[in-house]
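Q:
Number of protein chains: 2
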Amino acid sequence: MPELDDATRSFILHWGEMGTRWGINRTVAQIHALLFIAPEPMNAEEISATLHVSRSNVSTSLRELVGWRIVRTVQQLGDRRDYYEALGDVWEMARIIAEERKKREFDPTVTALRECIGTLDEAAPGSEEKRRKLTEMLAFMETVSDVYEQLRRVPTPALRKFAKLGSKIPRVIGGG
Amino acid sequence: MPELDDATRSFILHWGEMGTRWGINRTVAQIHALLFIAPEPMNAEEISATLHVSRSNVSTSLRELVGWRIVRTVQQLGDRRDYYEALGDVWEMARIIAEERKKREFDPTVTALRECIGTLDEAAPGSEEKRRKLTEMLAFMETVSDVYEQLRRVPTPALRKFAKLGSKIPRVIGGG
DNA sequence: CCTTTATTTCGGTAATGACTGAAACAACAG
DNA sequence: CTGTTGTTTCAGTCATTACCGAAATAAAGG
Numbered sequence: 047m048p049e050l051d052d053a054t055r056s057f058i059l060h061w062g063e064m065g066t067r068w069g070i071n072r073t074v075a076q077i078h079a080l081l082f083i084a085p086e087p088m089n090a091e092e093i094s095a096t097l098h099v100s101r102s103n104v105s106t107s108l109r110e111l112v113g114w115r116i117v118r119t120v121q122q123l124g125d126r127r128d129y130y131e132a133l134g135d136v137w138e139m140a141r142i143i144a145e146e147r148k149k150r151e152f153d154p155t156v157t158a159l160r161e162c163i164g165t166l167d168e169a170a171p172g173s174e175e176k177r178r179k180l181t182e183m184l185a186f187m188e189t190v191s192d193v194y195e196q197l198r199r200v201p202t203p204a205l206r207k208f209a210k211l212g213s214k215i216p217r218v219i220g221g222g
Numbered sequence: 047m048p049e050l051d052d053a054t055r056s057f058i059l060h061w062g063e064m065g066t067r068w069g070i071n072r073t074v075a076q077i078h079a080l081l082f083i084a085p086e087p088m089n090a091e092e093i094s095a096t097l098h099v100s101r102s103n104v105s106t107s108l109r110e111l112v113g114w115r116i117v118r119t120v121q122q123l124g125d126r127r128d129y130y131e132a133l134g135d136v137w138e139m140a141r142i143i144a145e146e147r148k149k150r151e152f153d154p155t156v157t158a159l160r161e162c163i164g165t166l167d168e169a170a171p172g173s174e175e176k177r178r179k180l181t182e183m184l185a186f187m188e189t190v191s192d193v194y195e196q197l198r199r200v201p202t203p204a205l206r207k208f209a210k211l212g213s214k215i216p217r218v219i220g221g222g
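Respectively, the protein sequence lines represent chains A and B.
Under my numbering, the first residue of the first sequence is numbered 47, with each subsequent residue one higher.
Under my numbering, the first residue of the second sequence is numbered 47, with each subsequent residue one higher.
Below is the structure:
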């Protein structure tokens with residue numbers, strides 16, 4: 047797939063852009079988009095040629111995507127090169143991304159926050175107020191963490207159904 | 047508040063770090079942390095002195111925070127400088143951040159995706175498969191968008207209650 | 001082994017984004 | 001109007017991050 051049609055190129059470009067805004071390297075996001083849309087698994091060389099990105103950059107980016115578990119390697123019979131394919135199921139993909147981001151970026155902050163509160167100097171003036179604020183923030187983040195943990199247990203089909211409830215959602219949530 | 051105690055400094059630093067990982071400028075996040083923890087509203091000069099960041103940088107960052115509606119200006123009697131304070135309610139804060147991020151980063155991608163699908167060349171080989179994949183992605187993002195829209199309507203106290211359900215959450219979600 | 005083919009690592013470079021200080025601007029007081 | 005105080009804009013600099021190509025490494029096959 048050395049040549050891309052307009053729609054595909056546009057998708058890859060936009061996906062890359064969205065990536066950067068969410069703190070994800072542009073090239074990494076573009077490669078993911080390419081693999082997602084590609085009809086067949088691709089090897090590094092093909093990706094490099096298609097996106098006009100250096101071979102080494104592709105290597106690093108693929109390693110990252112594999113680390114995130116949204117891209118995996120597959121083998122082709124009679125070819126010892128690695129081929130890469132993106133997770134096809136978008137729900138599964140979202141699950142994994144949420145999982146990874148939480149683990150890498152959310153949890154460490156919660157830990158840090160807890161530590162901050164621990165080292166608060168009681169003697170300092172206004173420390174009461176500070177403790178209150180930090181504790182509130184921590185409580186919020188822990189709550190979010192808990193809710194996430196529960197949602198994680200719900201299988202995708204059930205989530206789908208829930209999502210389809212539309213305007214009934216507030217009632218389900220609110221009504222217990 | 048020219049001098050910061052250890053816990054506060056640590057909080058500000060960590061908050062800034064978390065910001066960068068989520069695609070938010072480090073200084074912007076640090077200023078937000080400072081204002082969040084500060085017992086009183088602060089003016090730009092004070093922020094500049096406390097964080098050792100240039101006056102102009104503070105100005106730009108504050109403008110951004112105000113644009114996100116998680117910081118607002120307040121006036122001090124007999125002082126024509128602007129004072130800034132962060133939203134104190136963490137739930138409200140989360141709401142607003144979600145709202146803004148969706149508007150700025152999620153919605154445009156949905157729009158782009160829709161456009162991509164529109165410009166897909168039917169004649170091209172394998173376009174069927176591409177359309178299927180892009181449409182699936184679009185459907186997913188629209189679903190997420192819809193769910194968000196519904197959750198937005200649920201008042202914070204109800205959300206709090208829901209969050210407290212703990213392990214009952216899967217049943218509430220799943221059981222309709 | 002040696003050769004071929006694929007991948008990764010790494011030092012240097014380019015591009016991007018953040019930051020600063022100076023200058024322009026705005027608002028007010030006298 | 002003029003001086004003072006506060007804010008914003010902007011051009012240039014600095015720091016960070018992404019990226020490349022070359023060299024090193026790894027994994028076969030002959």
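Ideal placement from N, C-alpha and C gives every residue a C-beta, glycine not left out.
Can you tell me where the alpha helix (DSSP H) with A/E161 in it begins and where it stops?
A: Unbroken alpha helix (DSSP H) run through A/E161: D153 to T165.
Q: Give me the residue from B/V200, B/F208 and B/V156 with the minimum Cα distance to A/G212.
A: Comparing Cα positions, the closest option is B/V200.
Q: Would you mind working out which of B/F208, B/K214, B/V218 and B/T202 sits nearest A/F208, comparing C-alpha positions?
A: When only C-alpha atoms are compared, the closest one is B/V218.
Q: Find the residues of chain A that neighbour B/S223, judging by a C-beta separation of less than 8 Å, and give them in chain order.
A: Outside the modelled stretch of chain B, which goes from 47 to 222, sits residue 223 of chain B, for which no answer is possible.
Q: Do you know how far the Cα of A/E151 is from the Cα of B/G222?
A: The predicted model places B/G222 with a pLDDT of 47, which falls under 50 and marks its position as unreliable; any figure quoted below should be read in that light. Going from the Cα of B/G222 to the Cα of A/E151 covers about 32 Å.
Q: Pair every Cβ in the segment 136 to 147 of chain B with every Cβ in the segment 178 to 186 of chain A, then say whether three or more of these pairs are closer than 8 Å.
A: Yes: the two stretches touch, three or more of their Cβ pairs being nearer than 8 Å.
Q: In whole angstroms, what separates the C-alpha of B/W61 from that of A/R178?
A: Rounded to the nearest angstrom, the two C-alpha atoms are 17 Å apart.
Q: Can you name the residues that DSSP bridges to A/D128?
A: DSSP output for A/D128 lists A/Q121 as bridge partner(s).
Q: Look at the Cβ atom of B/H78, then the Cβ atom of B/A132, and state whether they are nearer than 7 Å.
A: Going by C-beta atoms, B/H78 is nearer than 7 Å to B/A132.
Q: Buried or exposed: A/Q76, going by 16 or more other Cβ atoms within 10 Å of its Cβ?
A: Under this definition A/Q76 is a buried residue.
Q: Name, please, each residue of chain B whose Cβ falls closer than 7 Å to the Cβ of A/W137.
A: Result: F186.
Q: Could you tell me whether any Cβ in chain B is nearer than 7 Å to the Cβ of A/L166?
A: True, the Cβ-Cβ gap to chain B drops below 7 Å.
Q: Please name the residue, chosen from B/E86, B/D125, B/Y130 and B/G124, that lies closest to B/S107 on a Cα-to-Cα basis.
A: It is B/Y130 whose Cα lies nearest to the Cα of B/S107.
Q: Please go through the same chain and pick out, in chain order, the residues whose beta-carbon is closer than 7 Å to the beta-carbon of A/S94, but skip the five residues on each side of it.
A: Answer for A/S94: S100, R101 and V104, listed in chain order.
Q: My understanding is that A/I58 touches A/L80, with C-beta atoms under 8 Å, so please give their C-beta distance in whole angstroms.
A: Indeed they touch by this definition, with Cβ atoms about 6 Å apart.
Q: Taking CB distances under 7 Å as the criterion, tell me whether B/I143 reaches chain A.
A: Taking Cβ atoms only, chain A never reaches closer than 7 Å to B/I143, which makes this a no.
Q: Check A/N232 in the structure and name its three-state DSSP category.
A: Because residue 232 of chain A is not part of the residues shown, which for chain A are 47 to 222, the question remains open.
Q: For B/S223, which residues from the same chain have a beta carbon less than 7 Å from its beta carbon, with the 5 sequence-adjacent residues on both sides left out?
A: Residue 223 of chain B is absent from the structure shown; chain B starts at 47 and stops at 222.
Q: Just tell me which of A/A169, A/R55 and A/R72 has its CA closest to the CA of A/E63.
A: Minimum Cα distance to A/E63 is reached at A/R72.
Q: Around the Cβ of A/T157, are there at least 16 other Cβ atoms within 10 angstroms (buried) or fewer (exposed)?
A: It is exposed - the Cβ of A/T157 has fewer than 16 other Cβ atoms within 10 Å.
Q: Looking at the strands, I want to know which residues DSSP matches up with A/G103.
A: Residue 103 of chain A is actually Asn in this sequence, not Gly. Paired residue(s): none; A/N103 is not in a bridge.
Q: Relative to the C-alpha of A/K148, which candidate in A/R109, A/D128, A/K214 and A/E188 has its C-alpha closest?
A: Closest by alpha carbon: A/E188.
Q: Express the C-alpha separation of B/E49 and B/S56 in angstroms, rounding to a whole number.
A: Between B/S56 and B/E49, the C-alpha separation is close to 13 Å.
Q: Is it right to say A/V120 is buried, meaning 16 or more other beta carbons lie within 10 angstroms of its own, or is it exposed?
A: It counts as exposed.
Q: Is B/V200 close to chain A? Criterion is C-beta to C-beta, closer than 7 Å.
A: Yes, because at least one Cβ of chain A sits closer than 7 Å to the Cβ of B/V200.
Q: Report yes if the CB atom of A/R109 is closer than 7 Å to the CB atom of A/I142, and no otherwise.
A: No, the pair does not count as a contact, with Cβ atoms beyond the cut-off.
Q: I'd like to know if B/G124 contacts chain A, where contact means its C-beta is closer than 7 Å to some C-beta of that chain.
A: By this cut-off, B/G124 is not an interface position.
Q: Between A/S191 and B/D125, what straight-line distance do the alpha-carbon atoms span, to the nearest angstrom?
A: Going from the Cα of A/S191 to the Cα of B/D125 covers about 43 Å.
Q: I'd like to know whether the C-beta atoms of B/N89 and B/R118 end up nearer to each other than 7 Å.
A: Cβ atoms of B/N89 and B/R118: not closer than 7 Å.
Q: Note down, in chain order, each residue of its chain lying with its Cβ closer than 8 Å to the Cβ of A/V74, except the 5 sequence neighbours on either side.
A: Only G65, S107, E110 and L111 meet the Cβ criterion.
Q: According to DSSP, A/M88 sits in a beta bridge with which residue or residues?
A: The partner list for A/M88 (beta bridge, DSSP) reads A/Y130.
Q: Please return the same chain residues whose Cβ sits closer than 8 Å to the Cβ of A/I163, not counting the five positions on each side in sequence.
A: Same-chain partners within the cutoff: R177, L180, T181 and L184.
Q: So the alpha helix (DSSP H) B/V193 belongs to, where does it begin and stop?
A: It spans S173 to R199 - the alpha helix (DSSP H) in which B/V193 sits, taken as one unbroken run.
Q: According to DSSP, simplified to helix, strand and coil, what is B/D52?
A: The answer is helix: DSSP assigns B/D52 an H, G or I state.
Q: With B/I215 and A/L197 assumed to form a contact (beta carbons below 8 Å), what rounded beta-carbon distance in angstroms separates them?
A: Right, their Cβ atoms sit about 7 Å apart.
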